[in-house]
Each structure stands twice: as structure tokens, then as C-alpha cells.
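Numbered as in this note's numbering, the sequence shown ends at 292 without a single skipped number. Report on one structure; see the data block that follows.
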Amino acid sequence: MASEGDRRADPEVERRSRLLGGFHFEGEGARGVAIALLSTAVFLTVVIVAVTQSAGWPEVKRTFFDWGDISSSFPDIARAFKLNVEIFLVCEVFVLVLALIIAVLRSLPGPVFFPLRALAVIYSDLARGVPTILVIALLGYGAPALQLTGVPRSRVFWAGLGLILVYSGYVAEVYRAGIESVHPSQEAAARSLGLSRFQALRRVILPQAIRRVIPPLLNDFIGLQKDTALVGTLGVIEAFNQTQIDSAATFTYGAYLAAAALFVAITIPLARFTDWLIARDRRRRQATGAVA
């Protein structure tokens, strides 16, 4: 029979111990889970009873939770949501590339590269400082008004460009954190093998940095997927704008729940995938530390 020390050394037992607040034995762990589930069920029951017994619940139920309104508006919202997904996929590619360029420019050493570093810093500060909806409005209304030859006038194009510019500033900081997390000895070792600074960056530093920042990158892209709804401020018919059209026709808000369900169907799997990557990276680091 395993001793208490063996149980504490078991990684699975340690994981359950952290989740359950210090329980080490299976019996105590099961009791802790039961207590947690019971208390959660009681809390949710109290909230549901309080909401459904409130004076305004019948009207809220009619305007928000009418299944007929939700089901009738869902097909149109789903078709409009396709544009949100397309914008997200296209913008994600450009954000990854542009943000990496900005992060690399900001990490260049030496006084000769000061102008490039300064431009990268200014860009990151402006991209993160101006609200996304203002950037989309300025580009979406201002750029087409110039009527320049060869300049696109599509509102979708300028809204997507606004998202790219804003999120590149955030993602560049994530990249920069990953680059700075790589120990300087890695570059020194690469240079001692005859690699140039660019080769060391491309073959040694960036592969390690990018692998470390994948989870936070996914968190940023979850935010990007949600912010595609801001495209509707330019009059583009995407999921959120379609919900407003449906709600204006029925004077109910069930369409908002239909749109929320579509966004949740995308963001929650991404969030769980991010959690899995973080846990896997933690296990890998622990295993590396144990070997060392």
C-alpha cells in the first residue's frame, strides 16, 4: 500500500491537491468535490429562483428568451456570422506577421537602430492607446472619403485593417516578451558558432520565443474574434448588425442570444485549447527541471 509520501509525490495526486485546496487522500478529495458541487448547485438555485420570482421576469422572458424569436433569427445571424469568421481568419494572418516585424525591430540592439526602435515603440503605444472602435471609424469613414485612385473603398477592408493595426500592437508586445525571455547566452552561443545576428535571431531566438508565447497569442486572438463585431459600426452586415436588424423588426432581443451563442461556440473551444497548451507547457517545464 502506498505511503502518504508516495501519494504526495504522485503528480496526479498533487494536481488534485491544488485543485481541491490541499486534500491529499482520495476520500477527502471526493468529499471536497462533493461539497464544492453542492455549494455551487445551491448558489445557482438561489440565483435562478431570485431571478424567476422577480416582478420583471415575465417581461424579460418574453423579450429575451422567446424560442420562436431565437430560432427564426438564427439562420440570418449564422449567415452574417460567416463574415465575422472570415475577417478573423484573414486578420489573424496579417497580425502575426506585422506584430513579429514590430517586435523584432523593437528588440534590435545598438544606437544605429534607435530610429527603428523608436518607431516601433510609437506604433505600439498608439495601437494600444486608441480604442479599437475609434480606429475602425477613422479608417472606415476617412480613407474612402479621400477618393484616392487605387485606394479600396470597401468598408470591410478598412475595418479589417483597423483590427490588424490595433491587434498588431498588442501581439507585438507578446512577441517581445517571448524574445526577451530567451537568455542572452543563447544568442552568444549562436554567434560563437559563426551565425550572424539575423541568423541567430531567425534560427535560435525566435523559435524558442514563439513557442513560449503561443498561449497568450491565442488569448489575443480570442479577443480579436469578439472584436470583429465592431465592423458593424461601419454599417457592414455581420452577426451583431444582423441582430440589431432582427430586434428592430420584432421589438425583442432573442436575436442577441443567438449571436452570443455563435461567438461562444468559437471562443470557448479556443479558450480550452489555450488552457491545454498552458498545462502542457507547465508539465514540460517541470519535467525539464526534474531532469536538470
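Backbone N, C-alpha and C fix where the C-beta goes; we use that ideal spot for every residue, glycine too. Values in this document were obtained by computation on a predicted structure and should not be read as measured data.
Annotated as proximal: G162 and V135, with beta-carbon spacing under 7 Å.
Per the C-alpha coordinates, the member of I35, S54, G68 positioned closest to D246 is G68. Our two residues, R153 and L139, have alpha carbons roughly 10 Å apart in a direct line. If you draw a straight line from the Cα of A127 to the Cα of I101, it is about 15 Å long.
Here I179 really is in contact with A103; their C-beta atoms are around 6 Å apart, less than 8 Å.
For a cut-off of 8 Å, the C-beta gap from T132 to D220 is around 12 Å, too long to register as a contact. Cβ neighbours of E92 within its own chain (closer than 7 Å, five residues either side excluded): F221, L224.
In this structure, the beta-carbon distance from S124 to A172 falls below 7 Å.
The beta carbon of T252 sits closer than 8 Å to those of R62, T63, F64, D66, D69, all from its chain and outside the five residues before and after it, given in chain order. With contacts defined as CB atoms closer than 7 Å, V174 and A209 fail to qualify as a contacting pair. Take the alpha-carbon of F81 and the one of A190: they are about 47 Å apart.
Apart from the 5 residues on each side of it in sequence, A271 sits with its Cβ closer than 7 Å to the Cβ of I222 in its chain, given in chain order.
Around the C-beta of I87, 16 or more other C-beta atoms lie within 10 Å, and the residue is accordingly described as buried. DSSP places L224 in the uninterrupted alpha helix (DSSP H) bounded by 206-227.
Take I266, set aside five residues on each side of it, and the residues of its chain with a beta-carbon closer than 6 Å to its own are Q225, in chain order. Take L108, set aside five residues on each side of it, and the residues of its chain with a beta-carbon closer than 8 Å to its own are L116, R117, in chain order. Only residues of its own chain outside the window of five on either side were considered, and among them S124, A127, R128 have a CB closer than 6 Å to the CB of G169, listed in chain order.
C-alpha of V95 to C-alpha of R280: approximately 25 Å in a straight line. At a Cβ-Cβ threshold of 7 Å, A229 and F240 count as neighbours.
Where F81 is concerned, the enclosing alpha helix (DSSP H) starts and stops at 67-106. A direct Cα-to-Cα measurement between R197 and T274 gives close to 32 Å.
Spanning the alpha carbons of T52 and S73 requires a straight line of approximately 25 Å.
T243 is a Cβ neighbour of A255, given a cutoff of 7 Å. Sorting S71, T45, V33 by C-alpha distance to the C-alpha of A258 places S71 at the top. Excluding five sequence positions before and after R155, the CB atoms of its chain that fall closer than 6 Å to its own CB belong to G140, L234, V236, given in chain order.
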